[in-house]
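Numbering (our numbering), first residue to last: 1 to 371.
Here is the structure we will look at, set down as C-alpha cells.
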Ligand SMILES: C[S@@+](CC[C@H](N)C(=O)[O-])C[C@H]1O[C@@H](n2cnc3c(N)ncnc32)[C@H](O)[C@@H]1O
C-alpha cells in the first residue's frame, strides 16, 4: 500500500473558487485544476507526487494538503490504513485526525436555524472509538510542527475527501482552517469573529495596554474584542457606536469620517492600526496610509480588512501588499479567513513590531478575559 499522490485539496470560502483557481494558476503553474465543489477545490501536480509538507502560496486557500481522492462511508477504513502507513514510515511521528465539513454557506448567510455538521454525523466518533485501544491518533491538543494531520472532509452526503499534511507554523492548526470562536452575546457585531480570527491567524503580538485605532469601528464588535483583551481603543466612524462600548473607560469614539481627521488629532503613541471600512480597497488603503505615516515611531503593525466589493479586486492583492509595505511594514501577508465575508485581511508588522513578534512565542497571544 502506498499513499503517494499528485493531487492536492484546498478549502476556500464559497464564492472564492474562481479567485483561488486564478491565484493557483499564477503562483503554482504546475498545479492544474482537477475537481471542485463549493468551497472545496482540488488540483493535480504535473511534477509527480506532492510532499506532505509542501507550502501553497495562496490568500484564498485557508487549508490545504495532499489529496487521496474521495471515499464513500463504506471506504472509511482507508483513514486507518493511511494512519498505519504513516506510522510505518516514521513510528515516532504523531498523527492527528481532523474530520470536518466543507462550507455549506458563505459566512453570515446561513439560513435561520442552520447547524453546521449535518454531513458529519458520528463519523469522527466512530473512527476514534474503533482505534482508541491502538492510540493511532492524538486525542488532545493542536498539532505541533512536524506532526502529520489526516484530513477527512465531508464534501456531500455520504462522500468524504481524504488527505494529509505535515503541520508547519504557517498553517492553521484548526480543522478546515476554522478556529472555534463563539460570538459573545455582548458583542455588538459579527466583526468580533473576524477580528479574533485575524488575531489567531496573524499571531499579532498585541499586549495589554497597547493603543489601537480602528477606522470603521461602528457598531463595535472588533472594539469589543480588543477591549476584552485589555487594549485601549480609539474608534473612527461617523456611524453610531454601541452604547456599552461608548461607556467603556478605555474606548474613545471620534464620530467623523476618517478623511476629516487631521493626523495631529491622534495621540503620538499608537501601537496598532486597524481598518474595516465598507469602501473600495484603494480608498480605504489611502486612509490608512495617511494616518500610518504619522505613527511610524510607535506603530507595531496593521490589521486591515480590505473589502473585495467586486471579485476583480482579488487580482490587485499583490499591489495592495506592496502599498502596505510602502507604509513602513517589513513583513506583510494576506488571507481570506473562515469568518470573513467577501474580504481579506492584510497583516503588516513594522520593524519594531517584528522584533516584538520574534520575542513572543507563538500561541502566547493574550487570551480574552472571561466575560
Ligand atoms: C463593516 S462596518 C465596521 C464594523 C466594525 N468594525 C465593528 O467591529 O462592528 C464598516 C464601517 O465603515 C464605516 N465607514 C465608511 N466610510 C467611512 C469613513 N470615511 N470613515 C470612517 N468610517 C467609515 C461605516 O460607517 C461602517 O460603520
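Backbone N, C-alpha and C fix where the C-beta goes; we use that ideal spot for every residue, glycine too.
For residue i, does the count of other Cβ atoms within 10 angstroms reach 16, so buried, or fall short, so exposed?
i           : result
residue 161 : buried
residue 326 : exposed
residue 369 : Low confidence applies to residue 369: its pLDDT is 37, below 50, so where it sits in the model is not reliable enough to give any reading.
residue 110 : exposed
residue 30  : exposed
residue 375 : Not covered by the structure: residue 375. The range shown for the chain is 1 to 371.
residue 353 : buried
residue 306 : buried
residue 47  : exposed
residue 140 : exposed
residue 180 : exposed
residue 177 : buried
residue 303 : buried
residue 91  : exposed
residue 146 : exposed
residue 322 : exposed
residue 319 : exposed
residue 361 : exposed
residue 268 : exposed
residue 165 : buried
residue 364 : Annotation note: pLDDT 41 at residue 364 (below 50); position unreliable, coordinate value reported separately. Under this definition residue 364 is an exposed residue.
residue 194 : buried
residue 276 : buried
residue 143 : buried
Report yes if the C-beta of residue i is less than 7 Å from at least one heavy atom of ligand 1; otherwise report no.
i           : result
residue 348 : no
residue 281 : no
residue 36  : no
residue 344 : no
residue 108 : no
residue 197 : no
residue 218 : yes
residue 265 : no
residue 259 : yes
residue 223 : yes
residue 289 : no
residue 276 : yes
residue 14  : no
residue 215 : yes
residue 210 : no
residue 237 : yes
residue 191 : yes
Taking residue i as the reference, which of the options has the closest Cα?
i           : options            : result
residue 175 : 197, 151, 140, 111 : 151
residue 270 : 256, 289, 295, 248 : 295
residue 263 : 42, 290, 284       : 290
residue 218 : 203, 238, 211, 27  : 238
residue 22  : 339, 342, 311, 360 : 311
residue 216 : 57, 191, 20, 37    : 191
residue 120 : 101, 220, 114      : 101
residue 255 : 155, 213, 39, 77   : 213
residue 15  : 45, 205, 61        : 61
residue 96  : 74, 68, 118, 127   : 127
residue 40  : 260, 9, 299, 184   : 9
residue 68  : 204, 3, 168, 280   : 3
residue 20  : 58, 6, 50, 7       : 58
residue 242 : 250, 221, 229      : 221
residue 89  : 63, 148, 184       : 148
residue 351 : 63, 75, 205        : 205
residue 136 : 86, 170, 166       : 86
residue 94  : 70, 130, 83        : 83
residue 240 : 123, 6, 188        : 188
residue 208 : 185, 186, 338, 232 : 232
residue 314 : 226, 336, 301      : 336
Return the bridge partner residues of residue i from the DSSP annotation.
i           : result
residue 40  : 11, 37
residue 166 : 148
residue 159 : 72, 156
residue 98  : 151
residue 254 : 236
residue 137 : In the DSSP output, where bridge partners are listed per residue, residue 137 has none listed.
residue 77  : DSSP, once it has assigned bridges, lists no residue as partnering residue 77.
residue 59  : Bridge partners of residue 59: none, in fact.
residue 65  : 9
residue 85  : Answer is none; residue 85 lacks a bridge partner.
residue 274 : 214, 303
Please confirm whether any heavy atom of ligand 3 lies closer than 7 Å to the CB of residue i.
i           : result
residue 188 : Among the ligands in the structure shown, ligand 3 does not appear; only ligand 1 can be found there.
In the stretch 172 to 248, which residue ranges form an unbroken beta strand (DSSP E) of at least 3 residues, counting only runs that do not cross its ends? 211 to 215, 232 to 236
Hey, which unbroken runs of the alpha helix (DSSP H) at 4 residues or more fall wholly within the stretch 276 to 311? 281 to 295
Going along the chain, which unbroken runs of the alpha helix (DSSP H) with 4 or more residues stay wholly within the stretch 309 to 356? 317 to 326
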